[in-house]
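Residue 1 is where the sequence shown starts when you use the numbering used here, and the numbers rise one by one after that. These notes concern the structure reproduced below.
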Amino acid sequence: MPGYRPGQHAGPRPPQAAPYPAPPQGWQTGPYQRPPGQAGPPQTGPYQGAPPGGPPTRPPFPPAGRPPGGYGPPSGPYRGPQTFPPGYPPPGSTTPPWLQGYPGHPGMLRPRPKSNTGPLVATILVAVLVVGAGLIGFLALNDRGDHVADTGYDEPATTGSNESGTTTETSTETTSDDPTTTTDDPTDDPTTEDTPTETTPAGPQPVYTLGDNPLFAGDNGTPAVTCDLARWGTDPQGAAAFFTSAIPCLDAAWGPVLQRAGLPFATSAIEFPEGTEWSSPCGAVSGGRAAAFYCAENSTLYMPYAGLQTEQYGAHPGVYLALLAHEYGHHVQALSGVMGAYADARYNAGVDSEAGLELSRRLELQAQCFSGMFLAATYSRGSVDDNILNEARTTQDRGDHQAGVPRDHGSDAHTSGWWEQGAQKNRTFQCNTWLSPPADVA
């Protein structure tokens, strides 16, 4: 189950005053640039180099000025979320039985069946809370008590017809006055079979690939979004109002990205469980261990106030906005098909094997990068000012550094570095962790 583990982060840093210089004249979203300290850009293909190799010294953000000003409009008008309910997939899809949980191991990965019934996905998405430590949502895939399991993404499958039926007609026998003459009707066809038919769901469909997913094709990034957030309140009602007000901003940022890539889009629902024990279709939580939790089975973000550690992070809304953006990044992965392909790959590799844990780190670090992209899209527009961006930026180095816990999230340097990568570059191909060498997702 996703959650934070004790000791992942020492707590929030105080925001720095006015850390961002004015943008240079004529600032535009330019071509690809590698993260600070690296060689020139690759000649072709998506970025495969490392994000910043260590915890940044936090120079003015970014070195060349403000974050990119947002991606231009997609071809054709963006029509907003589709009209079917927020729990993707659209009406008519059914939840396959193998997405209902993994017997004995709630939330463990389940591979998609190898059949001709169409693509079906099983995924697990969660966010890990560190008690007395950092705050950001992560995905963990094991059956330890400090994780919240997230089971599969309910994907619209190609539906086949019922099994072919066989109809047998009995021959007709005619007896004349001549007892020795019997006539069979030669036109009777003893068997007829129904022709199977298949119905393909209309509209864009997920693509179950990783590094070559359409999500990372071309020069695709989040557009400029003016985000008017509710004022943060350090109480359940204030937090719920803040998070709810951010969902339309996340939709406006990521809907055009998925549309541009030819992938499906639907908004995510959001819920605010009360207390320290609650459940979702993806698993149960006890003890307030989960700060944030994305359940792909019902496309819902869970933001329990009891798990946010507001006593440690206080009234710093940038911390919580980055957390929500990370979890919404998992929603983007689920919609695109990346999560389904990841589920298959990790199951085949072995959930707790070295290869399986590396796949988990690639998934989590990509969600970090997507969180940075969202902050880049909204910075200096509406409510997202210098303070909010700096609060988000200075609390991202919270990776796997505890002894005795799985290395399934990434190092401090890489959780921070990939977030910076998204914020500074604001391009999905810059967040393609699936093509990065292992050293860059350690």
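Where is the CB? At the ideal position from N, CA and C, for every residue including glycine.
**Q.** Those runs of the alpha helix (DSSP H) which lie wholly inside the stretch 288-367 and span at least 4 residues
**A.** 310-313, 317-336 and 338-349
Q | One or two residues paired with Ile270 in a DSSP bridge | A | For the purposes of this step, residue 270 is taken as residue 270 along the sequence shown, with counting starting at 1. DSSP, once it has assigned bridges, lists Leu301 as partnering Ile270.
Q: Answer with buried or exposed for Ser353, where buried requires no fewer than 16 other C-beta atoms within 10 angstroms of its C-beta.
A: Indexing the sequence shown from 1 puts residue 353 at position 353. Its Cβ having fewer than 16 others within 10 Å, Ser353 is exposed.
Q. Which residue or residues does DSSP assign as beta-bridge partners of Gly382?
A. Counting from one through the sequence shown, the residue named residue 382 turns up at place 382. Answer is Cys227.
(Q) Whole angstroms are fine: how far does the CA of Gly382 sit from the CA of Asp219? (A) Here residue 219 refers to the residue found at position 219 of the sequence shown. Here residue 382 refers to the residue found at position 382 of the sequence shown. One C-alpha to the other measures close to 25 Å.
Q) Thinking C-beta only, is Tyr342 closer than 8 Å to Leu359? A) Numbered from 1 along the sequence shown, position 359 holds the residue referred to as residue 359. Numbered from 1 along the sequence shown, position 342 holds the residue referred to as residue 342. Their beta carbons are under 8 Å apart, which means Leu359 touches Tyr342 by this criterion.
Q | C-beta atoms of Leu375 and Leu389 nearer than 8 Å | A | Start at 1 with the first residue of the sequence shown, and residue 375 comes out as number 375. Start at 1 with the first residue of the sequence shown, and residue 389 comes out as number 389. Cβ atoms of Leu375 and Leu389: closer than 8 Å.
Q. Which of helix, strand or coil does DSSP assign to Gly49?
A. In the sequence shown, counting from the first residue as 1, residue 49 sits at position 49. Because Gly49 carries a pLDDT of 37, less than 50, the predicted location of this residue cannot be relied on, and the following value inherits that uncertainty. Coil at Gly49, not helix or strand.
Q.
The alpha helix (DSSP H) that contains Gly283, what's its start and end?
A. Here residue 283 refers to the residue found at position 283 when the sequence shown is read from its first residue. That residue, Gly283, is in no alpha helix (DSSP H); its beta strand (DSSP E) goes Gly283 to Val285.
Q: Tell whether a beta-carbon distance below 8 Å holds between Gly422 and Ser411.
A: Along the sequence shown, read from residue 1 onward, the residue named residue 422 stands at position 422. Along the sequence shown, read from residue 1 onward, the residue named residue 411 stands at position 411. Contact flag unset, no.
Q. For Ser371, does the three-state DSSP call read helix, strand or coil?
A. Sequence index remark: in the sequence shown, residue 371 carries index 371 (1-based). Helix, per DSSP.
**Q.** Counted within 10 angstroms of its Cβ, other Cβ atoms place Thr453 as buried (16 or more) or exposed
**A.** Residue 453 lies beyond the residue range present for the chain, which begins at 1 and ends at 442; the question has no answer from this structure.
Q: Mark Ala439 as exposed unless 16 or more other C-beta atoms lie within 10 angstroms of its C-beta, in which case mark it buried.
A: On the sequence shown, residue 439 is found 439 positions in, with the first residue counted as 1. It is exposed - the Cβ of Ala439 has fewer than 16 other Cβ atoms within 10 Å.
Q) Where do the N-terminal and C-terminal ends of the alpha helix (DSSP H) with Ser245 fall, by residue? A) The residue you call residue 245 lines up with position 245 of the sequence shown. Residues Pro236 to Arg260.
Q | Beta-carbon proximity list for Cys249, same chain, < 7 Å, skipping 5 on both sides | A | As a position in the sequence shown, residue 249 is number 249, starting the count at 1. The residues are Val225, Cys227 and Thr378.
Q.
Could you give the first and the last residue of the continuous alpha helix (DSSP H) run that contains Ser416?
A. On the sequence shown, residue 416 is found 416 positions in, with the first residue counted as 1. From DSSP, the alpha helix (DSSP H) with Ser416 extends over Asp412 to Lys425.
(Q) By the DSSP assignment, the beta strand (DSSP E) with Ser279 in it spans what residues? (A) Your numbering for residue 279 matches position 279 in the sequence shown. Element bounds for Ser279: Trp278 to Ser280.
Q) Expressed to the nearest angstrom, what Euclidean distance is found between the alpha-carbon atoms of Pro264 and Met339? A) As a working mapping, residue 264 is identified with position 264 in the sequence shown. As a working mapping, residue 339 is identified with position 339 in the sequence shown. Each residue's alpha carbon lies about 14 Å from the other.
Q. Which same chain residues, not among the five before or five after Pro320, have their C-beta less than 8 Å away from its C-beta?
A. Here residue 320 is taken as the residue at index 320 of the sequence shown, counted from 1. It is worth fixing the name first, because residue 320 is Tyr in this sequence and not Pro. Answer for Tyr320: Leu135, Trp232, Ala239, Phe242, Phe243, Leu308 and Tyr313, listed in chain order.
Q | DSSP three-state assignment for Thr394, whether helix, strand or coil | A | Translated into the one-based positions of the sequence shown, residue 394 becomes position 394. Residue state, collapsed to three classes: coil.
Q: Kindly list the residues whose CB is nearer than 6 Å to the CB of Met373, restricted to its own chain and excluding five residues on each side of it in sequence; keep chain order.
A: Your numbering for residue 373 matches position 373 in the sequence shown. If we look at Met373 and ignore the five residues flanking it on each side, its Cβ neighbours are Thr222, Gly422 and Asn426.
Q. Near Ala64, which residues of its chain fall below 6 Å by C-beta distance, leaving aside the five closest residues on each side in sequence?
A. For the purposes of this step, residue 64 is taken as the residue at position 64 of the sequence shown. Its pLDDT being 32, under 50, Ala64 is placed unreliably in this model, and the value from its coordinates should be taken loosely. Once the five neighbours on either side are set aside, Ala64 has no close Cβ partner at all.
Q) Among residues of its own chain, excluding the 5 on either side of Trp418, which ones have a beta-carbon nearer than 8 Å to its beta-carbon? A) Residue 418 sits at position 418 when you count from the first residue of the sequence shown. Cβ neighbours of Trp418 beyond the five flanking positions: Pro51, Leu365, Gln366, Gln368, Cys369, Gly372, Gly410, Cys431 and Thr433.
Q) Secondary structure at Ala199, three-state DSSP: helix, strand or coil? A) Counting from one through the sequence shown, the residue named residue 199 turns up at place 199. According to the sequence displayed, residue 199 carries Thr and not Ala. Thr199: strand per DSSP, three-state reduction.
Q | For Trp232, three-class secondary structure by DSSP | A | Along the sequence shown, one-based indexing puts residue 232 at 232. In this structure, Trp232 counts as coil in the three-state DSSP scheme.
Q | Given Gly262 as reference, the closest of Asp235, Pro214, Val285 and Trp254 once Cα atoms are compared | A | Walking along the sequence shown from the start, residue 262 turns up at place 262. When each option's Cα is compared against that of Gly262, the closest is Pro214.
Q) Beta carbon of Arg361, beta carbon of Val441: below 8 Å? A) Along the sequence shown, one-based indexing puts residue 361 at 361. Along the sequence shown, one-based indexing puts residue 441 at 441. It is a contact, given that the beta carbons lie within the stated cut-off.
(Q) Quick check on Val441: does DSSP put it in helix, strand or coil? (A) For the purposes of this step, residue 441 is taken as the residue at position 441 of the sequence shown. Correct three-state label for Val441: helix.
Q.
Assuming contact is defined by CB atoms lying nearer than 8 Å, are Ala292 and Leu324 in contact in what I supplied?
A. Position 292 of the sequence shown, counting from 1, holds the residue named residue 292. Position 324 of the sequence shown, counting from 1, holds the residue named residue 324. Yes, the pair counts as a contact, with Cβ atoms nearer than the cut-off.
Q.
Let me confirm a value: Pro317 is counted as buried when at least 16 other C-beta atoms fall within 10 Å, else exposed. Which label applies?
A. Walking along the sequence shown from the start, residue 317 turns up at place 317. Under this definition Pro317 is a buried residue.
Q: Since I believe Pro304 is in contact with Trp278 (beta carbons under 8 Å), could you give me their beta-carbon distance rounded to a whole number of angstroms?
A: The sequence position of residue 278 within the sequence shown is 278, counting from 1. The sequence position of residue 304 within the sequence shown is 304, counting from 1. Right, the Cβ-Cβ distance comes to about 7 Å (below 8 Å), so this counts as a contact.
Q: Classify Leu263 as helix, strand or coil using the three-state DSSP reduction.
A: The residue labelled residue 263 in the question sits at position 263 within the sequence shown. DSSP places Leu263 in coil when its eight states are reduced to three.
Q) Looking only at C-alpha atoms, which of Glu271, Asp212, Val332 and Gly211 sits nearest to Ala253? A) Counting from 1 along the sequence shown, the entry for residue 253 is found at position 253. Residue Val332 is the option with its Cα nearest to Ala253.
Q. By Cβ distance below 7 Å, which residues in the same chain neighbour Pro273 in space, the five residues on each side in sequence not counted?
A. The residue given as residue 273 occupies position 273 in the sequence shown. Counting only Cβ-Cβ distances below 7 Å, and skipping sequence neighbours, we find Tyr302 and Pro304.
Q) In three-state terms, what does DSSP make of Ala403? A) Your numbering for residue 403 matches position 403 in the sequence shown. Note: Ala403 maps to coil in three-state DSSP.
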